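>
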Amino acid sequence: MKKLLLAISVLLTAFSAVASPIPDYVEKTLKTYQFDNYSLRNGVLTLSLRKPVINKETAYFFFSGICNTIFVHPWDENIITSMRIWNSKQDQGFEFDGGGKECKQIGPFNADKSKAFIDSRTSEL
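Per this note's numbering, the sequence shown starts with residue 1061, numbered consecutively.
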């Protein structure tokens, strides 16, 4: 019996290290998209849209939208370390090399500087 409880404890610990709860307001923002699914694993927030192609403008609005939530309803900046957005086949998308810490840097920027910052950290997948 003790071995069974130990095995269950190890499995639960391993699972919790992989999947993390998404901050409430971030999740509410994710639900505004036409998505297939979304997840937060090992600090990477991933959104798969129901679109065959994702353009850089869509990616920018997703990344900036998630960043804006940290100012409206603050969440722990260490929860999200990077963000990805994928098309419906998950064979095309973009990644923002940053998360909560980088989002907080955007706070004092005007719209143009914020866009330039996000674009400089965005790459095609």
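Ideal Cβ placement from N, Cα and C applies to all residues, glycine included. All values reported here derive from a predicted model rather than from experimental measurement.
Determine the closest residue to R1181 out of D1151, N1147, M1143, with distance taken between C-alpha atoms.
Residue M1143 is the option with its Cα nearest to R1181.
> Identify which residue in P1083, H1133, A1119, N1138 has its Cα closest to the Cα of F1154.
Ranking P1083, H1133, A1119, N1138 by Cα distance to F1154 puts A1119 first.
> Tell me the rounded alpha-carbon separation between Y1085 and E1162.
Computed Cα separation, rounded: 18 Å.
> Looking at C-beta atoms only, is the number of pairs between the stretch 1126-1146 and the stretch 1163-1181 that lie closer than 8 Å three or more?
They touch, by the three-pair rule.
> Between which residues of its own chain and N1147 is the CB-CB distance below 8 Å, once the five residues before and five after are set aside?
The answer, listed in chain order, is S1108, L1109, K1111, P1112, V1113, I1114, G1153.
> In the DSSP assignment, what are the bridge partners of G1153?
DSSP, once it has assigned bridges, lists W1146 as partnering G1153.
> Should G1160 and W1135 be called a contact, given that it needs their Cβ atoms to be closer than 9 Å?
Going by C-beta atoms, G1160 is nearer than 9 Å to W1135.
> Buried or exposed: which applies to L1071, given that a residue is buried once 16 or more other Cβ atoms fall within 10 Å of its Cβ?
Residue confidence for L1071 is low, a pLDDT of 44 falling below 50, so the modelled location carries little weight; the figure read from the coordinates is stated next. So L1071 counts as exposed.
> Quick one, are the C-beta atoms of V1104 and I1140 less than 9 Å apart?
A contact, by the Cβ cut-off of 9 Å.
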